[in-house]
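K.L.:
My questions all concern the structure below.
There are 2 protein chains.
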Amino acid sequence: LLQMENVSKDYQLGKAVIHALKNINLKVEKGEFLSIVGPSGCGKTTMLNLMGCIDKPTSGVLKFQEADLANMSDNAEADLRLGKIGFIFQSFNLIPVLDIFENIEFPLILNKTAKRKRKERVDHLIDIVGLSEFVKHKPDELSGGQRQRVAIARSLVNNPSVIIADEPTANLDSETGKSILEVMKKLNEEEKVTFIFSTHNPEVMQYATRVVHLRDGVISDFEKRGA
Amino acid sequence: LLQMENVSKDYQLGKAVIHALKNINLKVEKGEFLSIVGPSGCGKTTMLNLMGCIDKPTSGVLKFQEADLANMSDNAEADLRLGKIGFIFQSFNLIPVLDIFENIEFPLILNKTAKRKRKERVDHLIDIVGLSEFVKHKPDELSGGQRQRVAIARSLVNNPSVIIADEPTANLDSETGKSILEVMKKLNEEEKVTFIFSTHNPEVMQYATRVVHLRDGVISDFEKRGA
Ligand SMILES: Nc1ncnc2c1ncn2[C@@H]1O[C@H](COP(=O)(O)OP(=O)(O)OP(=O)(O)O)[C@@H](O)[C@H]1O
Ligand SMILES: Nc1ncnc2c1ncn2[C@@H]1O[C@H](COP(=O)(O)OP(=O)(O)OP(=O)(O)O)[C@@H](O)[C@H]1O
Ligand SMILES: [Mg+2]
Ligand SMILES: [Mg+2]
Chain A
5 LLQMENVSKD
15 YQLGKAVIHA
25 LKNINLKVEK
35 GEFLSIVGPS
45 GCGKTTMLNL
55 MGCIDKPTSG
65 VLKFQEADLA
75 NMSDNAEADL
85 RLGKIGFIFQ
95 SFNLIPVLDI
105 FENIEFPLIL
115 NKTAKRKRKE
125 RVDHLIDIVG
135 LSEFVKHKPD
145 ELSGGQRQRV
155 AIARSLVNNP
165 SVIIADEPTA
175 NLDSETGKSI
185 LEVMKKLNEE
195 EKVTFIFSTH
205 NPEVMQYATR
215 VVHLRDGVIS
225 DFEKRGA
Chain F
5 LLQMENVSKD
15 YQLGKAVIHA
25 LKNINLKVEK
35 GEFLSIVGPS
45 GCGKTTMLNL
55 MGCIDKPTSG
65 VLKFQEADLA
75 NMSDNAEADL
85 RLGKIGFIFQ
95 SFNLIPVLDI
105 FENIEFPLIL
115 NKTAKRKRKE
125 RVDHLIDIVG
135 LSEFVKHKPD
145 ELSGGQRQRV
155 AIARSLVNNP
165 SVIIADEPTA
175 NLDSETGKSI
185 LEVMKKLNEE
195 EKVTFIFSTH
205 NPEVMQYATR
215 VVHLRDGVIS
225 DFEKRGA
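Which chain is which? The protein sequence lines are A and F, in order. Counting from 5, one number per residue, gives the positions in the first sequence under this note's numbering. Counting from 5, one number per residue, gives the positions in the second sequence under this note's numbering.
If you want it as C-alpha cells, here you go:
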C-alpha cells in the first residue's frame, strides 16, 4: 500500500542540519495494524507526516498505492489526503472557533457530502468516542483527552482506507484508550482499514500486527506479532 | 500545605452549567508525592488549575499555607505563583517565539535573577531533561516529548516548593519518563518539594506516596502508598 524507499528528512536550523530520518526503507501492506515506537525525538512524528503526505522527504521516494507522490499534482495529493488518509495529530490541531460537531463534520463539508448524511455520520462517531454530552463544546471547553477523541473521530469521518495516528491515546486513561483501540481494531479486521500509529504505551503496542522500532532517525528493528 | 474545603467548580456553556468539580475536600501535606487519577474528563486539570491558582473555585475555600487565596491581593497571588508554585501544563504553553533556553529562563527574568545565575540554572536544567543538543530550537522545531520536557524544566527553574504537573509524561517513552520521575523523586526526598500530578500511567502512579481517585468531579477514593 505504502512504500518508503531510502527516505531521508532533514530540518534546517540556522546553519545546522538536523537529520531527523536517515535512509528509511519500509513497506506497509494493506490491512496492517502497524505500530512505530521509539524514544522521544527519534523521528516518529516526522515519519508519520511523510506517510500522511503532510510533509515531503528531503531525499528518497514515497509511493502510495504504486503512485510516486513526488510526481502527483497538488490537487491529486490533496484529494488523496482528504479521501483516503485520515490523520490524527500529536497535538490534535482542532479548529478553535468550531464546536466538536463542526470540527468532526469539517472534512465532509470539504468533500461536499449532503447535510443529512453528514449529521448521521458525525452523530455516529461522536457516540463511538463517548462525547455525546459535549456536542456544543469548543476545543478550549474540553479536557485534553476529550480533544484527542475529537481528533480521532474527525480522522474516521471520511471512511479513509488508511489512518495515520500520532500517539492517539497519550491523553487517555486506560479504559477510554482501550475502547478506542477496540473500535480501530474492528475497522481494521472488518473493513480492512490500514492503521499506522506511533505510541509510547506497551498496552497499545499489543494491538499491533507488526512493530517498527525507530531510534535516532533509523529503523533499528522490525518485530512481527500475532494478529 | 494546601487545603481544599468544599470546593466546587462550574463552567458556563450557553444556558447549561457543567459541574466539573463538586464538593471537593482535600488536604495536601508538605513533602507529599500525590497522584490524581481518573478517566478522561473527570476533573483532574480543573482541580490542578485551582490548586495552582490559575483559576478560582465557584464555591468553597482554597488555602495555601494557611492563607485563604480568595483574600489575597492579586500581587500576592502572582508572587505565590511565580516563586512558590511550578506548573506543568497538559498542553505545555510554551512561548512560540522563544527558543528553549529563553523559554526555561523566562520565570527567572520575571523575578529579576542576575544573568550569570540564570545561565547556570537554565543550562543545568536543560542538561537534566536531556535537551542540551536542542538549545536553539523553538517549540515548533521540537518533538512533542521534547516540548513536554521544556515545560518540565521551566517549572523547576525557580526552585519552587510545590510542583503541579498535569500529565507530565504523557508524551514521553518509558525510559525518558522514568528519568524525569527520578529527578522529581530526588527533589521530593532531598529538598522536600511537594509534587501534585495527574497521570493515566500506572508506572507513574508507582512513584506516588498517595493516590487520589477522581470520577465525575468527585473524589471516589484515597489510597495510601509506601513511599
Ligand atoms: N471552559 C469549559 N467550559 C465547559 N466545560 C469545560 C470547560 N473546561 C473543561 N470543561 C469540562 O469539564 C470537565 C473536566 O475537565 P478536565 O479538563 O478537568 O478533565 P480531565 O480530568 O483533566 O480530563 P483528561 O484526562 O481528558 O485531561 C470535562 O468534562 C470538560 O468537558
Ligand atoms: N522544524 C524542525 N526543525 C528542526 N528540528 C526539528 C523540527 N521538527 C522536529 N525536529 C527534530 O527532529 C527530531 C525528530 O522529531 P519528531 O517530532 O519526529 O520526534 P518523535 O519521535 O515524534 O518524538 P516524540 O515521541 O517526543 O513525539 C527531533 O530531535 C526534533 O527536535
Ligand atoms: Mg512525536
Ligand atoms: Mg486534563
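Idealized CB from N, CA, C, for every residue including glycine.
Figure out for me which residue from A:N175, A:N27, A:R122 and A:E145 has the closest Cα to the Cα of P100 (chain A).
P.N.:
A:E145
K.L.:
Helix, strand or coil: which one does DSSP assign to V161 (chain A)?
P.N.:
coil
K.L.:
Quick check: the Cα distance between T198 (chain F) and Q16 (chain F), rounded to an integer number of angstroms?
P.N.:
32 Å
K.L.:
Please confirm whether any heavy atom of ligand 2 lies closer than 7 Å to the CB of D225 (chain A).
P.N.:
no
K.L.:
Go through the residues and name those whose CB comes closer than 6 Å to any heavy atom of ligand 3, in chain order.
P.N.:
A:K48, A:T49, A:Q94, A:D170, F:S147 and F:G148
K.L.:
Any idea what DSSP makes of A231 (chain A), helix, strand or coil?
P.N.:
Only weak support exists for where A231 (chain A) lies, its pLDDT of 49 falling under 50; the coordinates are left without a value.
K.L.:
Give, in chain order, every residue of the segment 172–186 of chain A whose Cβ lies closer than 9 Å to some Cβ of chain F.
P.N.:
T173, A174, N175, L176, D177, S178, E179, T180 and G181
K.L.:
Please determine, among A:L160, A:K182, A:S44 and A:K88, the residue with the shortest C-alpha to C-alpha distance to A24 (chain A).
P.N.:
A:S44
K.L.:
So is M226 (chain F) buried or exposed if we call it buried at 16+ other beta carbons inside 10 Å?
P.N.:
The residue you asked about is not Met; residue 226 (chain F) is Phe in the sequence shown. By the neighbour-count definition (other C-beta atoms within 10 Å, threshold 16), F226 (chain F) is an exposed residue.
K.L.:
8 Å is my cut-off, CB to CB: does S12 (chain F) come that close to chain A?
P.N.:
no
K.L.:
Distance check for D103 (chain F) and K123 (chain F), CA to CA, integer angstroms please.
P.N.:
14 Å
K.L.:
Does H23 (chain F) have its Cβ less than 8 Å from a Cβ in chain A?
P.N.:
no
K.L.:
Can you confirm whether Q150 (chain A), when its beta carbon is compared against all beta carbons of chain F, has any partner nearer than 8 Å?
P.N.:
yes
K.L.:
Helix, strand or coil for G221 (chain A), going by three-state DSSP, please let me know.
P.N.:
Note: G221 (chain A) maps to coil in three-state DSSP.
K.L.:
Is it right to say E36 (chain A) is buried, meaning 16 or more other beta carbons lie within 10 angstroms of its own, or is it exposed?
P.N.:
buried
K.L.:
Comparing C-alpha positions only, which one of A:V161, A:A118, A:L98 and A:G148 sits nearest to S127 (chain A)?
P.N.:
Looking at the sequence shown, residue 127 (chain A) is not Ser but Asp. Closest option to D127 (chain A), Cα to Cα, is A:V161.
K.L.:
Using a threshold of 7 Å, is the CB atom of E179 (chain F) nearer than that to any non-hydrogen atom of ligand 2?
P.N.:
no
K.L.:
Closest to L6 (chain A) by CA distance: which of A:S95, A:D83 and A:M55 is it?
P.N.:
A:M55
K.L.:
So, for G47 (chain A): in the same chain, excluding its five sequence neighbours on each side, which residues have a beta-carbon less than 7 Å away from its beta-carbon?
P.N.:
A24, L25, L218 and G221
K.L.:
Ends of the beta strand (DSSP E) at T198 (chain A)?
P.N.:
T198 to S202 is the extent of the beta strand (DSSP E) around T198 (chain A).
K.L.:
In or out: L3 (chain A) buried (at least 16 other Cβ within 10 Å) or exposed?
P.N.:
No information on residue 3 (chain A) is available, as it lies outside the stretch 5 to 231 that chain A covers here.
K.L.:
What do you get for Q69 (chain A), buried or exposed, if any count of 16 or more other CB atoms within 10 angstroms of its CB means buried?
P.N.:
exposed
K.L.:
Is the CB-CB distance between K67 (chain F) and V166 (chain F) below 8 Å?
P.N.:
no
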